[in-house]
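Input: a single structure, listed below in C-alpha coordinates.
Structure follows, in C-alpha coordinates:
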(Lines of atoms letter the chains of each structure in order from A; the text may use other names.)
(Lines give C-alpha, C1' and ligand atoms only; values in the text may rest on other atoms or scores of the structure.)
Protein backbone atom coordinates (compact mmCIF):
# COMPACT_ATOMS: atom_id res chain seq x y z
CA UNK A 473 0.00 0.00 0.00
CA UNK A 474 1.18 3.53 -0.67
CA UNK A 475 -0.02 7.05 -1.30
CA UNK A 476 0.80 8.24 -4.81
CA UNK A 477 1.41 11.97 -5.11
CA UNK A 478 0.73 14.00 -8.26
CA UNK A 479 2.75 17.19 -7.67
CA UNK A 480 1.44 18.88 -10.81
CA UNK A 481 -2.05 18.87 -9.25
CA UNK A 482 -1.06 20.06 -5.77
CA UNK A 483 -1.79 23.69 -4.85
CA UNK A 484 -0.31 23.49 -1.35
CA UNK A 485 -3.67 24.07 0.36
CA UNK A 486 -2.78 21.55 3.10
CA UNK A 487 -6.34 20.25 3.35
CA UNK A 488 -4.73 16.79 3.30
CA UNK A 489 -2.79 17.63 6.47
CA UNK A 490 -5.93 18.95 8.18
CA UNK A 491 -7.94 15.85 7.21
CA UNK A 492 -5.16 13.62 8.52
CA UNK A 493 -4.97 15.38 11.88
CA UNK A 494 -8.75 15.24 12.28
CA UNK A 495 -8.93 11.52 11.46
CA UNK A 496 -5.95 10.45 13.56
CA UNK A 497 -5.69 12.99 16.40
CA UNK A 498 -9.26 14.37 16.54
CA UNK A 499 -8.07 17.95 16.07
CA UNK A 500 -7.60 20.34 13.15
CA UNK A 501 -3.87 20.85 13.48
CA UNK A 502 -1.63 20.24 10.46
CA UNK A 503 1.40 19.96 12.75
CA UNK A 504 -0.19 16.73 14.05
CA UNK A 505 -0.62 15.29 10.54
CA UNK A 506 1.12 12.10 9.47
CA UNK A 507 2.19 13.55 6.14
CA UNK A 508 3.64 16.91 5.20
CA UNK A 509 3.40 19.05 2.08
CA UNK A 510 6.30 21.44 1.49
CA UNK A 511 6.78 24.17 -1.11
CA UNK A 512 9.89 23.35 -3.12
CA UNK A 513 9.53 26.20 -5.63
CA UNK A 514 6.97 28.92 -6.32
CA UNK A 515 4.50 26.52 -7.90
CA UNK A 516 5.97 23.12 -6.96
CA UNK A 517 5.20 21.08 -3.86
CA UNK A 518 6.69 17.88 -2.46
CA UNK A 519 5.26 15.37 -0.03
CA UNK A 520 6.86 13.64 2.92
CA UNK A 521 5.03 10.39 3.60
CA UNK A 522 5.87 6.84 4.70
CA UNK A 523 6.74 4.37 1.95
CA UNK A 524 6.83 1.32 4.27
CA UNK A 525 10.58 0.79 3.83
CA UNK A 526 10.92 -0.63 7.36
CA UNK A 527 14.02 1.26 8.47
CA UNK A 528 12.13 2.58 11.51
CA UNK A 529 11.33 -0.93 12.75
CA UNK A 530 14.98 -1.98 12.47
CA UNK A 531 16.17 0.75 14.85
CA UNK A 532 13.28 0.76 17.33
CA UNK A 533 14.90 -0.79 20.42
CA UNK A 534 11.80 -0.83 22.61
CA UNK A 535 10.00 -2.59 19.70
CA UNK A 536 7.26 0.04 19.83
CA UNK A 537 6.88 0.13 16.03
CA UNK A 538 5.30 -2.93 14.46
CA UNK A 539 3.44 -3.97 11.32
CA UNK A 540 -0.25 -4.77 11.45
CA UNK A 541 -2.51 -5.32 8.44
CA UNK A 542 0.15 -4.03 6.05
CA UNK A 543 0.90 -0.74 7.82
CA UNK A 544 3.25 0.37 10.58
CA UNK A 545 1.80 1.23 13.94
CA UNK A 546 3.31 2.45 17.20
CA UNK A 547 2.59 1.21 20.71
CA UNK A 548 2.70 4.46 22.66
CA UNK A 549 3.11 2.54 25.93
CA UNK A 550 6.39 1.05 24.68
CA UNK A 551 7.69 4.14 22.86
CA UNK A 552 10.33 6.04 24.84
CA UNK A 553 10.59 8.86 22.25
CA UNK A 554 14.26 8.15 21.57
CA UNK A 555 13.53 9.26 17.98
CA UNK A 556 15.90 6.73 16.42
CA UNK A 557 13.06 5.96 13.99
CA UNK A 558 12.94 9.58 12.89
CA UNK A 559 16.70 9.64 12.29
CA UNK A 560 16.58 6.37 10.33
CA UNK A 561 13.73 7.32 7.99
CA UNK A 562 15.15 7.90 4.49
CA UNK A 563 11.95 9.70 3.45
CA UNK A 564 11.99 12.14 6.41
CA UNK A 565 8.41 10.96 6.90
CA UNK A 566 8.30 10.50 10.67
CA UNK A 567 7.19 13.53 12.64
CA UNK A 568 6.82 14.59 16.26
CA UNK A 569 4.65 17.03 18.12
CA UNK A 570 5.38 18.50 21.54
CA UNK A 571 1.96 17.43 22.86
CA UNK A 572 2.35 13.79 21.82
CA UNK A 573 4.54 11.09 23.29
CA UNK A 574 4.78 8.97 20.16
CA UNK A 575 6.04 9.56 16.61
CA UNK A 576 3.65 10.27 13.76
CA UNK A 577 3.77 8.43 10.45
CA UNK A 578 1.22 7.56 7.80
CA UNK A 579 -1.10 4.63 8.53
CA UNK A 580 -2.74 4.84 5.09
CA UNK A 581 -6.20 5.62 6.43
CA UNK A 582 -7.04 7.54 3.24
CA UNK A 583 -8.33 10.73 4.88
CA UNK A 584 -5.86 12.84 2.91
CA UNK A 585 -6.85 11.19 -0.36
CA UNK A 586 -10.59 11.53 0.25
CA UNK A 587 -10.32 15.22 1.10
CA UNK A 588 -7.84 16.53 -1.48
CA UNK A 589 -9.86 18.90 -3.68
CA UNK A 590 -7.26 18.68 -6.48
CA UNK A 591 -7.04 14.85 -6.50
CA UNK A 592 -3.28 15.15 -5.99
CA UNK A 593 -3.21 12.02 -3.82
CA UNK A 594 -4.19 8.44 -4.60
CA UNK A 595 -4.25 5.40 -2.32
CA UNK A 596 -2.62 2.52 -4.20
CA UNK A 597 -3.03 -1.00 -2.86
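Residue numbers (my numbering): 473 to 597. The beta carbon of each residue, even a glycine, is placed where N, CA and C say it ideally should be.
Opposing strand residues paired with residue i [DSSP bridges]
i, result
"residue 593", "477"
"residue 545", "538"
Pairwise C-alpha distance: residue j and residue i
i, j, result
"residue 552", "residue 500", "26 Å"
"residue 591", "residue 571", "31 Å"
"residue 486", "residue 534", "33 Å"
Three-state secondary structure (DSSP) of residue i
i, result
"residue 524", "coil"
"residue 558", "helix"
"residue 579", "coil"
Limits of the alpha helix (DSSP H) - the one that residue i falls within
i, result
"residue 495", "487 to 497"
"residue 587", "583 to 587"
Terminal residues of the beta strand (DSSP E) in which residue i lies
i, result
"residue 565", "Here residue 565 belongs to no beta strand (DSSP E), and DSSP marks it neither H nor E."
"residue 513", "508 to 513"
Task: Any 3 or more C-beta pairs closer than 8 Å across the segment 534 to 543 and the segment 491 to 511 - done: no
Open item on the list: Quick check: the segment 530 to 539 against the segment 476 to 483, are at least 3 beta-carbon pairs closer than 8 Å?
Closed with: No, because fewer than three Cβ pairs between the segment 476 to 483 and the segment 530 to 539 fall closer than 8 Å, the two stretches do not touch.
TODO: Pair every Cβ in the segment 558 to 570 with every Cβ in the segment 519 to 529, then say whether three or more of these pairs are closer than 8 Å.
DONE: yes
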